[in-house]
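> Oh and the sequence shown: position 87 is 89 in my numbering, straight run, nothing missing.
Ideal placement from N, C-alpha and C gives every residue a C-beta, glycine not left out.
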Amino acid sequence: MKSIEPTDKHLPAVRCASWCENGDGHPLAAFVDEQACWGVPVRTELSTEDLVRDSDGQHTPYLEVFAHRHVDGAPTVRAHVQIGNGEFGFGMTIAEALALRTGLDAVLDQVGGASGVIA
Ligand SMILES: [Zn+2]
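#1: Would you report the Cα separation of Asn-24 and Gly-115, rounded to the nearest angstrom?
#2: Taking only heavy atoms of ligand 1 into account, decide whether any of them is closer than 7 Å to the Cβ of Gly-25.
#3: Could you please give the first and the last residue of the uninterrupted alpha helix (DSSP H) stretch that includes Glu-47?
#4: Quick one: residues in its chain with C-beta nearer than 8 Å to the C-beta of Ser-20, no 5 flanking neighbours on either side, listed in chain order?
#5: Assuming Leu-65 and Leu-53 are in contact, meaning their beta carbons sit under 8 Å apart, how far apart are those beta carbons, in whole angstroms?
Here you go:
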């Protein structure tokens, strides 16, 4: 099997974020967008939602979050949601992600989830 080697059609390698799943500087990227760093996805299954039905059958809906950074950009948090018959993604600044965490903590406090006592 022939391996793919960097050529002059590829961009120069970049310095990856410490958390980048790829971690090698993305030497085979032909476009800047292909040099974005992505962290390990953290998945939460959404068991109260209807099962997702797609060409692979049906499965539990989920929300995944990832660390993300464009070349020379600030790190952000990306979210990917697969729910119902659709999927979508969105990004958050670090400040927005922290605000979301604060909001989740506040709601969990209301229902007793953060303390382990269900109200
Ligand atoms: Zn990277």
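According to the data block:
#1: 35 Å
#2: yes
#3: Note, Glu-47: premise wrong, no alpha helix (DSSP H); beta strand (DSSP E) at 44-47.
#4: Nothing meets the Cβ criterion.
#5: That pair is no contact at about 15 Å.
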